[in-house]
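Chains as they are written, first to last, in this note's numbering: chain A, 409 to 636; chain B, 409 to 636.
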DNA sequence: GCCACACCGAGAGCACTGCTCTTGACGGCG
DNA sequence: CGCCGTCAAGAGCAGTGCTCTCGGTGTGGC
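Here is the structure:
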């Protein structure tokens, strides 16, 4: 085999190094990632970076995919716990929050305001939906185990769209349950963004407890019994 | 009087024109506001703009305050309706969403990822809290009218902070009610950001209905009876 | 084994950015 | 009326994303 020729391998290594340095710059400097600075840090000409990423946006896209995958893995691992369903949801929420606190700029990259002319390519979606799939999976499991009331069906314009979402999560899942799970994820996402983007400054300091307070409300809405 | 000398008046007009053109650029071009382009559009040298705003960040701060005030006014006007409390909350939520849809980049400016080295000065907070005050006011009124159950008290670390928030909204408001209102606002904010930032793409098209679906869940959590 | 080809790094250069400093000119207050 | 403070403008600095061209080098086909 040896399909990876020497040239292809050093190219892969170089690509990885650029991404690594870019992530470090993102963590240290903030959102305005400078391609030239990354190149300078590696020790090569800025123009050489363009051999690996056609543009700054393409580099950002690669970082976005990595971030989605990293967050998705963290969420999946937290969601896989053997506890009660509600407990698993809460644990996953805390895991997502901690991931975000450790990499605030990567969180901003994926859930903050989109960069100017940037439109997420199709490649990102499979990585992007991992965390919602993990959360939705908990709800779907709970429903399959009979631990979740169906709730009242949805009105007209929402029902068919909710059905599509439900079919992705688990065949036979009631649409309204799927939409509650989706809404629950958006709430979690919004709460974490609010903390990270400074909206809670001088208002709430016990952030972890406040997030759990909100998640308990969410779970009650979804219909998952939550034990203290 | 005539405290506003001719010089001071043309200065105020110039300041306003810069802000107006900057807002237009923001709406057309996107987040990366160029001070030079604004100056070019007005027809003056870029260096002259610095007579009015010491830096690009200061211009952004002015735009942020304007955005907060504009959104706050929209929310206050929607929240003032004479309908049932739940209806007023929902109407306010829709008003906030429509404001955001009409000015997506201004929304991103205030609720999206913060700009790199930027820290919101103290001047912004009075404008920033107007919308949460409007929403919290509805809840406080409902509680005063006896239309809202107290719910169970908060556990230790949250209680004192919730008390401070409650005191701002209305004297005597139970802390847990205030925190539910705050959480409800964060949910609303997160849901709108999710729509604007593209998280619902190819998933939910009936955005207005989906937002209302989520708000009804929020209101049930807060304890406000919502009639269909 | 060799050689053309594809790839790669470096440098110069373009158009743009935020921001500073200096130079004149003009308006308004004492 | 004079003069001080404010103003617009231009040049300039350091930085950015990106393109192009130029030599050098690994690689696959003959």
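Each residue gets a CB set at the ideal place from its N, CA and C atoms; glycine is no exception.
Computed from a predicted structure; not experimentally measured.
Query, Result
"Chain B contacts from the segment 590-615 of chain A (Cβ-Cβ distance under 7 Å)", "591, 594, 595, 597, 598, 599, 601, 602, 605, 606, 611, 612, 613, 614"
"Min CB distance residue 507 of chain A to chain B below 8 Å", "no"
"Straight-line gap, residue 536 of chain A to residue 605 of chain B (C-alpha atoms, nearest Å)", "13 Å"
"Test: residue 494 of chain A CB closer than 8 Å to a CB of chain B", "no"
"Beta-carbon proximity check, residue 620 of chain B vs residue 542 of chain B, cutoff 8 Å", "no"
"N- and C-terminal bounds of the alpha helix (DSSP H) containing residue 457 of chain B", "454-457"
"Below-8 Å beta-carbon distance, residue 501 of chain B vs any chain A residue", "no"
"Environment of residue 582 of chain B [buried if 16+ CB atoms lie within 10 Å]", "buried"
"Given 8 Å, three or more beta-carbon pairs between the segment 566-578 of chain A and the segment 607-618 of chain A", "no"
"Residue nearest to residue 515 of chain A in terms of C-alpha spacing, selected from A/493, A/591, A/420, A/476", "A/476"
"Boundaries (first-last residue) of the alpha helix (DSSP H) holding residue 546 of chain B", "538-552"
"8 Å Cβ cutoff met for residue 595 of chain B and residue 595 of chain A", "yes"
"Cutoff 7 Å; reference residue 438 of chain A; Cβ partners in own chain excluding five residues on either side", "513"
"Span of the alpha helix (DSSP H), counted from its first residue to its last, around residue 428 of chain B", "414-437"
"Sequence-distant residues of its chain with Cβ nearer than 7 Å to residue 622 of chain B (five each side left out)", "595, 599"
"Cβ shell of residue 453 of chain B (< 7 Å), same chain only, five flanking positions each side left out", "447"
"Proximal residues of chain A, C-beta to C-beta of residue 628 of chain B below 8 Å", "629"
"Nonlocal neighbours in the same chain, by C-beta distance under 6 Å from residue 461 of chain A, ignoring five residues either side", "467"
"Proximal residues to residue 618 of chain A (C-beta, below 6 Å), its chain only, five neighbours per side dropped", "612"
"Residue interval of the alpha helix (DSSP H) (run including residue 624 of chain B)", "615-630"
"Cut-off 7 Å between Cβ atoms - residues of its own chain near residue 425 of chain A, not counting five sequence neighbours on either side", "450"
"Three-state class that DSSP yields for residue 591 of chain A in the structure shown", "helix"
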